[in-house]
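Q: Below: one structure in structure tokens.
Number of protein chains: 4
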Amino acid sequence: MNKQRLEAFSDGVFAIAITLLILDIRLPEVEYNQLKTSLPKIIPNLLSYAMSFIVIGLYWMFHHQYTDRLKRINRPFMFLNLLNLLIISFMPFPTSLLGKYSFTTIPVLIYGFTLMIANLTGFLTVYYVTRHEDLSDGLINKAYLRTQYPMYIAVNSVYLVAFVVAFFAPKISFAMYAGVLGMLIIRALKNRDIAVCEPAKPKYTSATSSQPV
Amino acid sequence: MNKQRLEAFSDGVFAIAITLLILDIRLPEVEYNQLKTSLPKIIPNLLSYAMSFIVIGLYWMFHHQYTDRLKRINRPFMFLNLLNLLIISFMPFPTSLLGKYSFTTIPVLIYGFTLMIANLTGFLTVYYVTRHEDLSDGLINKAYLRTQYPMYIAVNSVYLVAFVVAFFAPKISFAMYAGVLGMLIIRALKNRDIAVCEPAKPKYTSATSSQPV
Amino acid sequence: MNKQRLEAFSDGVFAIAITLLILDIRLPEVEYNQLKTSLPKIIPNLLSYAMSFIVIGLYWMFHHQYTDRLKRINRPFMFLNLLNLLIISFMPFPTSLLGKYSFTTIPVLIYGFTLMIANLTGFLTVYYVTRHEDLSDGLINKAYLRTQYPMYIAVNSVYLVAFVVAFFAPKISFAMYAGVLGMLIIRALKNRDIAVCEPAKPKYTSATSSQPV
Amino acid sequence: MNKQRLEAFSDGVFAIAITLLILDIRLPEVEYNQLKTSLPKIIPNLLSYAMSFIVIGLYWMFHHQYTDRLKRINRPFMFLNLLNLLIISFMPFPTSLLGKYSFTTIPVLIYGFTLMIANLTGFLTVYYVTRHEDLSDGLINKAYLRTQYPMYIAVNSVYLVAFVVAFFAPKISFAMYAGVLGMLIIRALKNRDIAVCEPAKPKYTSATSSQPV
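Chains as they are written, first to last, in my numbering: chain W, 56 to 268; chain C, 56 to 268; chain V, 56 to 268; chain Z, 56 to 268.
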């Protein structure tokens with residue numbers, strides 16, 4: 056019942072953050088005869104729009120997945136959730152930089168840093184639940200967390216490498232972030248037999264791929 | 056239960072995308088004595104606002120209609136839905152172009168292209184459900200799809216013709232998009248006896264008109 | 056169940072439209088030492104922000120009230136509702152004009168016109184329900200409508216007079232709109248004994264004041 | 056049932072206001088080679104973004120908490136709630152000023168004034184419920200209010216002092232607002248054993264810390 060309001064509020068923030076991304080796709084103020092030549096300038100914006108849309112979408116799915124398993128919520132959980140939403144809501148800013156300065160070093164560094172902080176706050180929220188098993192249905196526990204570590208470490212290691220790569224080759228760095236995203240999507244799709252939304256009979260071995268970060 | 060969160064998130068995105076359209080109706084920065092003469096300049100913006108508001112509204116109704124029939128959702132469905140929302144959220148951009156360059160070739164081409172991609176992603180989502188009948192109440196099946204094809208092909212054929220027409224006569228092209236929209240509304244209204252929201256006793260023969268694309 | 060999604064979508068549009076109003080309260084780009092002298096310039100924006108916030112809030116309450124009584128919805132209702140939302144979503148534009156050109160003739164005319172169209176589309180939606188009693192719990196019927204007419208006619212008559220007054224004295228015209236709003240609020244508050252949200256035992260005689268238009 | 060729509064609408068406004076804050080974090084229009092030197096300029100914007108995000112988040116939790124205890128709502132409550140939302144929705148404006156004029160006197164004064172008005176409207180809403188015990192489960196009563204007064208008076212006294220301090224030392228004034236916020240968070244976290252969302256067995260003595268204002 057009350058968990059539903061936390062979900063509704065969080066869903067609202069996710070939905071708004073994801074939809075506000077479009078506000079950054081704007082053509083420079085040009086006359087119609089220059090429109091054709093100025094259109095290619097927004098290609099970086101389109102790419103970063105699509106990228107961030109899918110990133111926020113994945114975070115939403117992940118949020119959906121672990122809040123589904125909660126029985127009750129307490130204040131520390133609410134604050135951790137709020138902190139996580141603070142970073143998700145922040146996404147339109149690095150996305151905007153990426154589009155404006157087409158995948159150069161500084162924007163890619165900021166984008167990567169934001170993704171890592173988003174992962175961290177998401178992880179802390181889940182970690183808190185594993186330490187307070189009375190909050191969940193008992194299935195978000197330490198054993199569950201252990202199955203998540205390899206994926207979590209792999210993803211964030213690539214992110215860290217990509218962060219360093221951004222100093223030399225920002226476009227390759229961005230491609231690495233996009234690559235991780237693509238792999239997470241493929242991994243998630245492989246488990247297509249497992250309905251995300253059937254709470255019954257969870258299997259940890261197959262749930263490992265649920266960490267979208 | 057969990058389907059409800061997908062619906063809530065999607066409803067949020069639809070509601071925000073439709074409401075963000077207004078942000079593009081802005082007068083040029085003029086003194087009050089020039090306000091009267093500059094007002095007619097926003098007529099194209101008003102037209103494209105109304106058009107896109109109704110387009111997104113129709114997509115929402117359509118989304119509403121097929122998600123109502125779902126029993127459960129899985130990851131591929133979620134991704135297809137996300138892809139569909141990505142295009143819906145994109146609508147404010149072509150709408151803005153239409154307003155700014157009052158129905159000239161390039162904006163009308165981009166607008167038409169966006170509509171066709173929106174139709175395609177919507178179609179793929181429904182198609183996926185027809186191929187996985189365990190997701191729905193069994194009524195979004197191949198037989199249902201067959202009843203939808205004529206309408207779907209008709210709409211998109213007109214869209215394709217309108218796309219080509221835009222190169223020569225963009226205003227006529229836009230009128231064709233608006234015309235299809237008008238016909239879909241009339242068709243939907245004719246079935247007024249069928250409550251959209253009574254899930255019981257669906258009749259395919261009469262449901263054919265439900266494809267708003 | 057399905058009515059809930061129409062409510063959720065509509066609530067979303069109302070909530071977004073009402074919150075987007077703030078985007079128009081922006082100071083001119085001035086240095087800090089000029090900030091103090093430029094602050095009074097946003098007083099008209101603050102006034103029109105508060106006015107439109109309460110106007111949209113009242114429309115939301117009114118929407119809330121009649122959709123509560125619906126048992127089912129059909130397509131024409133959905134279209135009428137969409138048309139009503141189109142006008143509600145439009146409100147930030149005339150609000151912005153009012154602020155920018157501080158209550159001069161043209162903005163006040165556009166604002167008043169928007170209010171009248173919003174009333175009209177709201178009225179048409181309710182009227183449609185009274186003509187299709189199978190949609191509601193039977194209490195939004197012709198008898199109910201008759202109790203609403205006096206208020207509806209009074210409000211819109213004042214609006215019409217205010218519309219004409221705007222040509223000569225726009226500030227008085229705006230005061231008339233604000234006055235009607237104030238009276239509707241007082242009238243609504245007088246019925247404080249009647250819980251808006253207790254669906255049981257509706258009394259038409261006391262419900263007359265529920266028309267916020 | 057109907058209370059849920061008020062909650063949904065309010066949650067929507069909170070979620071949108073909190074997410075709109077990001078729209079104000081914008082870099083000046085500079086070339087890439089100047090990007091590095093212009094980045095530090097947005098630090099005040101980042102600070103005020105984080106501050107207001109958490110402020111609105113706390114108001115949402117507080118709103119969540121007292122509406123949870125409501126059994127029914129009436130019109131005066133709806134208007135008080137609307138007034139409270141009007142101030143919450145206003146938050147992006149003072150936040151934007153704080154960022155633009157980095158914590159100077161006028162922005163800090165406006166920010167503090169907004170917080171105090173937000174507290175006042177929130178208090179009036181709760182006060183109204185305590186005077187109409189038929190609205191709540193009986194637990195938001197005068198006894199409850201008495202337990203809230205010390206915290207309410209303490210918080211607003213510090214705010215008032217901070218308001219005066221802003222004339223001489225605006226950064227210290229802002230630090231005082233942030234300090235109160237920090238203390239409210241710590242206080243709220245201390246009560247971690249009390250699930251915010253378990254409506255059963257409320258204890259006033261421990262609920263005292265729930266006033267986030």
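Positions of the beta carbon are idealized from the N, C-alpha and C atoms, including for glycine.
What in chain W is Cβ-close to C/S212, meaning under 7 Å?
A: Per Cβ cutoff of 7 Å: no residues; C/S212 is ~27 Å from chain W at best.
Q: Compare the C-beta of Z/F178 with all C-beta atoms of chain W and state if any pair is closer than 7 Å.
A: For Z/F178, the answer is no, since every Cβ of chain W falls outside 7 Å of its Cβ.
Q: Over what stretch of residues does the alpha helix (DSSP H) that includes V/S65 continue unbroken?
A: It spans N57 to L75 - the alpha helix (DSSP H) in which V/S65 sits, taken as one unbroken run.
Q: Just to confirm my understanding: we take V/V181, look at its own chain, exclude 5 residues before and 5 after, and list those with CB closer than 8 Å. What are they?
A: So the qualifying residues of the chain are Y121, I195, L200 and Q203.
Q: Against chain V, with Cβ distances strictly below 7 Å, would C/T192 count as a contact?
A: Looking at the sequence provided, one finds Asp at residue 192 of chain C rather than Thr. No, C/D192 does not count as interfacial toward chain V.
Q: So which residues of chain Z does V/Y121 contact, with C-beta pairs closer than 8 Å?
A: What V/Y121 touches in chain Z: nothing, since even the nearest Cβ is about 12 Å away.
Q: Measuring alpha carbon to alpha carbon, tell me which residue in W/N57, W/I208, W/K226 and W/A233 is nearest Z/R124.
A: Here the closest residue by C-alpha is W/N57.
Q: In three-state terms, what does DSSP make of W/S157?
A: Here W/S157 sits in coil by DSSP.
Q: Assign W/L152 to one of three DSSP states: helix, strand, or coil.
A: Of the three classes helix, strand and coil, the one that applies to W/L152 here is helix, per DSSP.
Q: Is there a C-beta anywhere in chain Z that falls below 7 Å from the one on W/P205?
A: Not an interface residue.
Q: In terms of residue numbering, what span does the alpha helix (DSSP H) encompassing W/N196 cover?
A: Here W/N196 belongs to no alpha helix (DSSP H), and DSSP marks it neither H nor E.
Q: Just how far apart, CA to CA, sit V/V184 and C/V235?
A: Taking the straight line from one Cα to the other gives about 28 Å.
Q: Could you tell me the distance, in whole angstroms, from the CA atom of V/H119 to the CA atom of Z/R60?
A: If you take the alpha carbons of V/H119 and Z/R60, they lie about 8 Å apart.
Q: One question on the structure: do C/L137 and W/G112 come within less than 7 Å of each other, judged by their Cβ atoms?
A: The answer is yes: Cβ separation under 7 Å.
Q: Determine, using beta-carbon pairs with one atom in the region 72 to 92 of chain V and one in the region 133 to 152 of chain C, whether at least three such pairs fall under 8 Å.
A: No: fewer than three Cβ pairs fall under 8 Å.
Q: Name the DSSP bridge partner or partners of C/L125?
A: C/L125 pairs with C/S191.
Q: Between the alpha carbons of V/F132 and C/A105, how many angstroms are there, rounded?
A: Their Cα atoms are separated by approximately 18 Å.
Q: Please confirm if the region 88 to 96 of chain C is in contact with the region 142 to 155 of chain C, defined as three or more CB-CB distances below 8 Å between the two stretches.
A: They do not touch, by the three-pair rule.
Q: Ends of the alpha helix (DSSP H) at V/R130?
A: Its alpha helix (DSSP H) spans residues R130 to F145.
Q: Which term fits V/S191, buried or exposed, when burial requires 16 or more other beta carbons within 10 angstroms of its beta carbon?
A: By the neighbour-count rule (16 or more Cβ atoms within 10 Å), V/S191 is buried.
Q: With 16 other CB atoms within 10 Å as the buried threshold, where does V/P225 fall?
A: Burial call: buried.
Q: May I have a chain-ordered list of the alpha helix (DSSP H) segments no shorter than 4 residues that lie completely inside the region 203 to 246 of chain Z?
A: Runs of the alpha helix (DSSP H) inside the region 203 to 246 of chain Z: 225 to 245.
Q: Would you call W/R130 buried or exposed, if buried means 16 or more other Cβ atoms sit within 10 Å of its Cβ?
A: Buried is the call here.
Q: For C/I77, would you say it is in contact with chain V, using Cβ-to-Cβ distances shorter than 7 Å as the test?
A: Yes, its Cβ sits closer than 7 Å to a Cβ of chain V.
Q: Helix, strand or coil for V/V85? Go by DSSP, reduced to three states.
A: Coil.
Q: Check whether chain W comes within 7 Å of C/P149, counting only Cβ atoms and requiring the distance to be less than that.
A: C/P149 does not count as touching chain W.
Q: Does the distance from the CB of Z/L76 to the CB of Z/F108 come in under 7 Å?
A: In this structure, Z/F108 lies closer than 7 Å to Z/L76 by Cβ.
Q: Of all the CB atoms in chain C, is at least one closer than 7 Å to the CB of V/P8?
A: Given that chain V is displayed from residue 56 to residue 268, the structure contains no residue 8 of chain V and the question cannot be resolved.
Q: Chain V beta carbons: is any one of them nearer than 7 Å to that of Z/Y166?
A: Cβ-Cβ to chain V under 7 Å: no for Z/Y166.
Q: DSSP three-state label for V/I97, please.
A: Note: V/I97 maps to helix in three-state DSSP.
Q: Considering only residues of the same chain and omitting the five flanking positions on each side of Z/I241, which have a CB-CB separation below 7 Å?
A: So the list is empty, once near-sequence residues are dropped.
Q: For W/G67, decide whether its Cβ has a neighbour in chain C, counting only Cβ atoms nearer than 7 Å.
A: Taking Cβ atoms only, chain C reaches closer than 7 Å to W/G67, which makes this a yes.
Q: Given a cut-off of 7 Å on the beta-carbon distance, is the pair C/S228 and C/A221 in contact?
A: Yes; because the gap between Cβ atoms is below 7 Å, this pair is in contact.
Q: Is the Cβ-Cβ distance between W/I71 and Z/T74 less than 7 Å?
A: A contact, by the Cβ cut-off of 7 Å.
Q: If you measure from the beta carbon of V/R60 to each beta carbon in chain C, is any gap under 7 Å?
A: True, the Cβ-Cβ gap to chain C drops below 7 Å.
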